[in-house]
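Asker: Dropping a structure here in structure tokens format, bear with me for questions.
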Amino acid sequence: MTGQSSIVPEEAAHFGAMASDWWDPDGASAMLHKLNPVRLCYVRDMVDQHFHLDEHELRPLAGKAALDVGCGAGLLAEPLARLGAAVTAVDAAPELIEAARAHATAQGLAIDYRAAGVEALDGEYDLVTAMEVIEHVADPQSFVRDLAARLAPDGLLILSTPNRTRLSKLLMITVAEGLGQIPKGTHDYEKFIDPEAMRGLLAAAGLQVIDVEGIAFSPTRGLHLSEDVRLNYMVAGKRA
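One point on numbering: in this note's numbering, the residue at position 130 of the sequence shown is 132, and numbering is uninterrupted.
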């Protein structure tokens with residue numbers, strides 16, 4: 003175990019209050035349901051590249067251990083399990099872990115869910131993911147160090163987060179929270195991190211960025227992977 007807790011109690015309470023309809027694609031977490039296929043596409047692509055896997059393999063993560071940090075009620079953890087990984091998933095909100103366990107059980111999936119922060123874990127994982135989490139933690143640098151501590155020597159780390167731009171502030175806070183598409187109070191623009199700052203955080207934790215890809219929005223395509231990182235982006239890293 004390393005470091006102090008990355009958990010901000012108010013953040014955990016905010017997301018915990020959304021547990022009851024987390025799996026409802028039209029509920030309070032509707033935006034996550036739209037975002038999840040885009041994230042999963044990126045994760046699959048980076049996993050195939052990093053571990054030199056067949057892109058047509060149905061269970062490419064078989065024999066590999068995955069850790070999903072800030073897992074919510076399991077929107078990413080469940081697909082990772084279906085891809086063959088032995089999944090451990092943690093979240094600061096006990097209500098979300100309870101919802102995640104119930105949903106996984108109903109799906110016949112064995113996922114090791116824990117109500118904890120990453121700093122409470124030990125062991126090493128081939129894949130570590132933290133989607134839309136780093137902008138909610140107490141200390142981003144300590145958080146990244148704790149993620150790095152859980153990464154196996156040849157492991158792959160994948161994060162996603164809003165960029166720190168006028169566009170992200172406009173679309174994610176002014177528009178999305180203002181219109182109720184995202185629950186009010188979800189985002190704090192002062193905690194958004196741009197890609198260069200993210201590179202610095204990873205480098206200070208002994209990690210090297212191997213890829214950055216944007217998540218953009220258009221009226222015709224919705225959310226999609228893009229070279230445009232202004233709204234939101236994914237980053238993949240490995241040990242330097």
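Every residue gets a Cβ at the ideal spot worked out from N, C-alpha and C, and that includes glycine. Keep in mind the model is a prediction, meaning the values are calculated, not measured.
For P155, which residues of its own chain have a beta-carbon under 7 Å away from its beta-carbon, when the five flanking residues on both sides are left out?
Answerer: Here residue 155 corresponds to residue number 153 of the sequence shown, with the count starting at 1. Answer for P155: R241, listed in chain order.
Asker: For H105, which residues from the same chain have a beta carbon less than 7 Å from its beta carbon, with the 5 sequence-adjacent residues on both sides left out?
Answerer: Within the sequence shown, numbered from 1, the residue matching residue 105 stands at position 103. The residues are W25, A75, G76.
Asker: Hey, how far is the Cα of S7 from the Cα of E121?
Answerer: Indexing the sequence shown from 1 puts residue 7 at position 5. Indexing the sequence shown from 1 puts residue 121 at position 119. Taking the straight line joining both Cα atoms gives about 6 Å.
Asker: Suppose contacts are defined by Cβ-Cβ distances below 8 Å. Is L129 in contact with V92 by that definition?
Answerer: Within the sequence shown, residue 129 is the residue found at index 127, counting from 1. Within the sequence shown, residue 92 is the residue found at index 90, counting from 1. Not in contact: L129 and V92 (Cβ atoms no closer than 8 Å).
Asker: Can you tell me which of the three DSSP states I195 falls into?
Answerer: As a working mapping, residue 195 is identified with position 193 in the sequence shown. Three-state result, I195: coil.
Asker: What does the alpha-carbon distance come out to for the pair I195 and T163?
Answerer: In the sequence shown, residue 195 corresponds to position 193, counting from 1. In the sequence shown, residue 163 corresponds to position 161, counting from 1. So the alpha carbons of these two residues sit roughly 7 Å apart.
Asker: With a CB to CB cut of under 7 Å and the five nearest residues on each side skipped, what residues in its chain are close to A206?
Answerer: As a first step, residue 206 must be located in the sequence shown, where it is residue number 204. So the list reads Q143, once near-sequence residues are dropped.
Asker: Measure the alpha-carbon distance for A112 versus G239 and round it to whole angstroms.
Answerer: Along the sequence shown, one-based indexing puts residue 112 at 110. Along the sequence shown, one-based indexing puts residue 239 at 237. The alpha-carbon atoms of A112 and G239 are separated by roughly 27 Å.
Asker: Take the Cβ of A218 as the centre, count every other Cβ of all protein chains shown within 10 Å, and call the residue buried at 16 or more, exposed below.
Answerer: Residue numbering aside, residue 218 sits at position 216 when the sequence shown is read from its first letter. Its Cβ being crowded by 16 or more others within 10 Å, A218 is buried.
Asker: Quick check on DSSP: helix, strand or coil for P39?
Answerer: In the sequence shown, the residue the question calls residue 39 occupies position 37. Helix.
Asker: When the Cα atoms are used, what is the spatial distance from T4 to L42?
Answerer: If you number the sequence shown from 1, residue 4 lands on position 2. If you number the sequence shown from 1, residue 42 lands on position 40. Bear in mind that the predicted position of T4 carries a pLDDT of just 45, short of 50, making it too unreliable to give a figure here.
Asker: Could you tell me the distance, in whole angstroms, from the CA atom of R201 to the CA atom of L69?
Answerer: Within the sequence shown, residue 201 is the residue found at index 199, counting from 1. Within the sequence shown, residue 69 is the residue found at index 67, counting from 1. Looking at the two C-alpha atoms, the distance is approximately 21 Å.
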